[in-house]
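In the working numbering, the protein residues as written are 45 to 469. All C-beta atoms, glycine included, are put in the ideal place defined by N, C-alpha and C.
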Amino acid sequence: MSLTPNIVRCLPRSAWAWPIVALAAACGGSGSQVASPATPVAGRSARPAPRRPALPADADTCEATAYYQFGLSQLRKYPERAAAAFYWSQRLAPATAVSYYAQRIALLMADPGLLRGYVEGDRSTLQSSDVRRIDSLQVRAMGLDPFFPRRLDEDLIVSYFTDQVQQDLRSHGQDISDAVVEYYVRRDLQSADAATRAWLAFARGDYKQAADFWAGEVRHDPKNTDLRARRSQALFLLGSFDSARAELTAAITAARRSDAEKMKYVYDSKAIWEYELGRIGELQGNDSVARDAYQQSLVEDLSFYPAHRRLAAVALRGRDTATALTELQRTLDIKDDDYAARMELSVLDIARRAYEPATEQLRRVTEIEPFAAYPHFLLANVRMDAGDHDGAATEYQRFLALASQSDPNVSVARQRLAALAAPKP
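Here you go:
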């Protein structure tokens, strides 16, 4: 075989269909969930943390964005290094969805054999502990923000095809660099089948092209719940909330009619779709619709704790503090080490001047994620309000040791530390 102008066409025709199927199932197209979405702490108990990658000399090593950007720069050539960078971005900013998503992409790209089995639907690969751990990162991201952009999906598709083409070339005794193969793969993906081009458009932020393609596919197959869910994602990111809600509602209705429970790349669940409906309701200012959707999400899956967090947010907008406290506690009853829920509970305690429970929540938060700076700033403020000046000084010092220099609270902490250290008249 020679390097032809259509290098990807050397693959079996069926190979073109696999990436779109796998990515749709794993990247929000199937309303997916795994049993126990991982937090950084949960993951650390089973595996040692990767070593912090060395950032450029002028980078702020306390800045989550610095690690994220470094990960992006390493992803194509050094995906293992990128995965480590995304991991440390999570540690510094545990409530940021895209870092979990990015780490999942990098971990798949770092293991071509695993990626191949994942994309091609190999059952032993899909059921492996590695894949469950990797997919839990995606679910964690979706729990924080179900509509975050999937801009790295293109790199995953290109990585898969580059590996496939290289295998074919080597089987024919040809030795061509990955960079050259990748160039032709990226070029020839422009003339791939329409389904793959639609997913690439979605990954690149051309949501209209993706939504238009999936609209045509839905007309041909109106019972296809995955197509509707994919289209709802594109419509949401276009700002067409009403249309996104209509597609999600149709997907849920069709899923209930078929009541089919089949495993794809993660466990199918209508809970995440209901959760997405809730987020659309919130963003449209319709808390009644949001509340109903979140409650239905929990009917679908009682363990889906992000729905409790959002129910708390809805309750707070309605000035129902008691319900908000209850919902946040229910979140923690399911997921004791959920960073975001404990932070929200501590802020609520601070707002109602319940300093003792706020202190306990913040202390637990700092155990869950000791590299996050902001909990120490809040804890220092609580100790100040409670009259514990020595404790406040200690926490301000801890905050300053962990905080990025771009953090606006740094100057506040320094001023307060100086005031605490000043001689009393």
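key: Proximity to M428 [Cα-Cα], best of Y418, P419 and E439   = Along the sequence shown, read from residue 1 onward, the residue named residue 428 stands at position 384. Nearest in C-alpha terms to M428, of all of Y418, P419 and E439, is E439.
ask   = With distances taken from CA atoms, which of D222, A462, A398 and Y383 is nearest Y418?
value = Taking the sequence shown and counting its residues from 1, the one referred to as residue 418 is at position 374. It is Y383.
message = Short of 6 Å in beta carbon distance, which residues of its chain neighbour Q253, apart from the five on each side in sequence? Order them along the chain.
response = Along the sequence shown, read from residue 1 onward, the residue named residue 253 stands at position 209. Excluding positions up to five away in sequence, the list reads A245.
N-terminal and C-terminal residue of the alpha helix (DSSP H) that N425 is part of = For the purposes of this step, residue 425 is taken as the residue at position 381 of the sequence shown. Start and end: Y418 to D429.
Range of the contiguous alpha helix (DSSP H) that encloses F285 = By 1-based counting over the sequence shown, the position of residue 285 is 241. Segment F285 to S302, the alpha helix (DSSP H) holding F285.
ask   = Beta carbon of M186, beta carbon of I316: below 8 Å?
value = For the purposes of this step, residue 186 is taken as residue 142 along the sequence shown, with counting starting at 1. For the purposes of this step, residue 316 is taken as residue 272 along the sequence shown, with counting starting at 1. Their beta carbons are under 8 Å apart, which means M186 touches I316 by this criterion.
ask   = Run through DSSP, which three-state label would L151 get?
value = Your numbering for residue 151 matches position 107 in the sequence shown. Note: L151 maps to helix in three-state DSSP.
C-alpha distance - I324 paired with S341, whole-angstrom precision = Taking the sequence shown and counting its residues from 1, one reaches residue 324 at position 280. Taking the sequence shown and counting its residues from 1, one reaches residue 341 at position 297. Rounded to whole angstroms, I324 to S341 spans 14 Å at the Cα level.
query = Do G283 and D331 have their CB atoms nearer than 8 Å?
reply = Residue numbering aside, residue 283 sits at position 239 when the sequence shown is read from its first letter. Residue numbering aside, residue 331 sits at position 287 when the sequence shown is read from its first letter. In terms of Cβ geometry, G283 and D331 do not form a close pair [threshold 8 Å].
request  = Select from W132, A128 and P123 the residue whose C-alpha is nearest the C-alpha of E107.
outcome  = Counting from 1 along the sequence shown, the entry for residue 107 is found at position 63. Here the closest residue by C-alpha is W132.
ask   = Any idea if E198 is buried or exposed, counting beta-carbon neighbours within 10 angstroms, 16 or more meaning buried?
value = Stepping through the sequence shown from its first residue, residue 198 is reached at position 154. Answer is buried; the Cβ neighbour count reaches 16.
ask   = Using 8 Å as the threshold, is the region 231-246 in touch with the region 263-270, meaning 3 or more CB pairs across them?
value = no
query = Quick one: Cα of A368 to Cα of R214, how far?
reply = Working through the sequence shown from its first residue, we reach residue 368 at position 324. Working through the sequence shown from its first residue, we reach residue 214 at position 170. Approximately 60 Å between the Cα atoms of the pair.
query = Beta-carbon separation of A127 and L188 under 8 Å?
reply = Walking along the sequence shown from the start, residue 127 turns up at place 83. Walking along the sequence shown from the start, residue 188 turns up at place 144. Result no, Cβ atoms of A127 and L188 do not sit closer than 8 Å.
ask   = Ends of the alpha helix (DSSP H) at H433?
value = On the sequence shown, position 389 is the one that residue 433 refers to. H433 -> alpha helix (DSSP H) spans H433 to L446.
message = Buried or exposed, going by whether 16 or more other CB atoms sit within 10 Å of the CB of P92?
response = Within the sequence shown, residue 92 is the residue found at index 48, counting from 1. The residue is exposed, with fewer than 16 neighbouring Cβ atoms inside 10 Å.
query = Between which two residues does the alpha helix (DSSP H) containing S172 stretch?
reply = Counting from 1 along the sequence shown, the entry for residue 172 is found at position 128. Segment: none, S172 is in no alpha helix (DSSP H) and carries neither H nor E.
Outcome for L389 when other beta-carbon atoms lying within 10 angstroms are tallied against a minimum of 16 = In the sequence shown, counting from the first residue as 1, residue 389 sits at position 345. Residue environment for L389: buried (at least 16 other C-beta atoms within 10 angstroms of its C-beta).
key: Length of the line joining the Cα atoms of R195 and V202   = The residue given as residue 195 occupies position 151 in the sequence shown. The residue given as residue 202 occupies position 158 in the sequence shown. Their backbone Cα atoms lie some 13 Å apart in a straight line.
Spatial distance of T365 from D102 (CA atoms) = Position 321 of the sequence shown, counted from the start, is the residue given in the question as residue 365. Position 58 of the sequence shown, counted from the start, is the residue given in the question as residue 102. Cα-Cα distance, rounded: 45 Å.
Where R363 falls: helix, strand or coil (DSSP) = Locating residue 363 in the sequence shown gives position 319, where the first residue counts as 1. R363 falls in the coil class under three-state DSSP.
ask   = F415 by DSSP, collapsed to three states: which one?
value = Along the sequence shown, one-based indexing puts residue 415 at 371. If DSSP states are grouped into helix, strand and coil, F415 belongs with coil.
ask   = Going by beta carbon distance, what residues of the same chain come within less than 6 Å of L281, once the five residues before and after it are set aside?
value = Counting from 1 along the sequence shown, the entry for residue 281 is found at position 237. Same-chain partners within the cutoff: Y251.
query = For R135, which of E411, R458 and R460 has the nearest alpha-carbon?
reply = In the sequence shown, the residue the question calls residue 135 occupies position 91. Out of E411, R458 and R460, E411 has the C-alpha closest to the C-alpha of R135.
task = Give the straight-line distance between the Cα atoms of A146 and R301, rounded to the nearest whole angstrom.
result = Taking the sequence shown and counting its residues from 1, the one referred to as residue 146 is at position 102. Taking the sequence shown and counting its residues from 1, the one referred to as residue 301 is at position 257. Rounded to whole angstroms, A146 to R301 spans 35 Å at the Cα level.
query = If A137 sits next to P97, beta carbons under 8 Å apart, how far is it from one beta carbon to the other, in whole angstroms?
reply = By one-based count along the sequence shown, residue 137 stands at place 93. By one-based count along the sequence shown, residue 97 stands at place 53. Between A137 and P97 the beta-carbon gap is near 16 Å, outside 8 Å, which marks them as no contact.
message = Measuring only the C-alpha atoms, how far is E124 from S276?
response = As a working mapping, residue 124 is identified with position 80 in the sequence shown. As a working mapping, residue 276 is identified with position 232 in the sequence shown. Whole-angstrom Cα-Cα distance: 32 Å.
key: Three-state secondary structure (DSSP) of R120   = Position 76 of the sequence shown, counting from 1, holds the residue named residue 120. Three-state result, R120: coil.
key: Straight-line gap, Q210 to A359 (C-alpha atoms, nearest Å)   = Working through the sequence shown from its first residue, we reach residue 210 at position 166. Working through the sequence shown from its first residue, we reach residue 359 at position 315. Spanning the two alpha carbons is a distance of roughly 55 Å.
request  = Between the Cα of Y122 and those of I149, L372, N425 and Y349, spot the shortest distance and give me the residue it belongs to.
outcome  = Here residue 122 corresponds to residue number 78 of the sequence shown, with the count starting at 1. Of the candidates I149, L372, N425 and Y349, the one whose C-alpha sits nearest the C-alpha of Y122 is I149.
inquiry  = Taking only three categories from DSSP, how would you classify Q218?
reply    = Your numbering for residue 218 matches position 174 in the sequence shown. It is coil, neither helix nor strand.
query = Out of curiosity, what's the CA-to-CA distance linking D174 and V343?
reply = Position 130 of the sequence shown, counted from the first residue, corresponds to residue 174. Position 299 of the sequence shown, counted from the first residue, corresponds to residue 343. One C-alpha to the other measures close to 29 Å.
query = Does the distance from the C-beta atom of F415 to that of L446 stay below 8 Å?
reply = For the purposes of this step, residue 415 is identified with residue 371 of the sequence shown, where counting begins at 1. For the purposes of this step, residue 446 is identified with residue 402 of the sequence shown, where counting begins at 1. Cβ atoms of F415 and L446: closer than 8 Å.
key: Residue burial classification, P100 (beta-carbon count within 10 angstroms, cutoff 16)   = Here residue 100 corresponds to residue number 56 of the sequence shown, with the count starting at 1. It counts as exposed.
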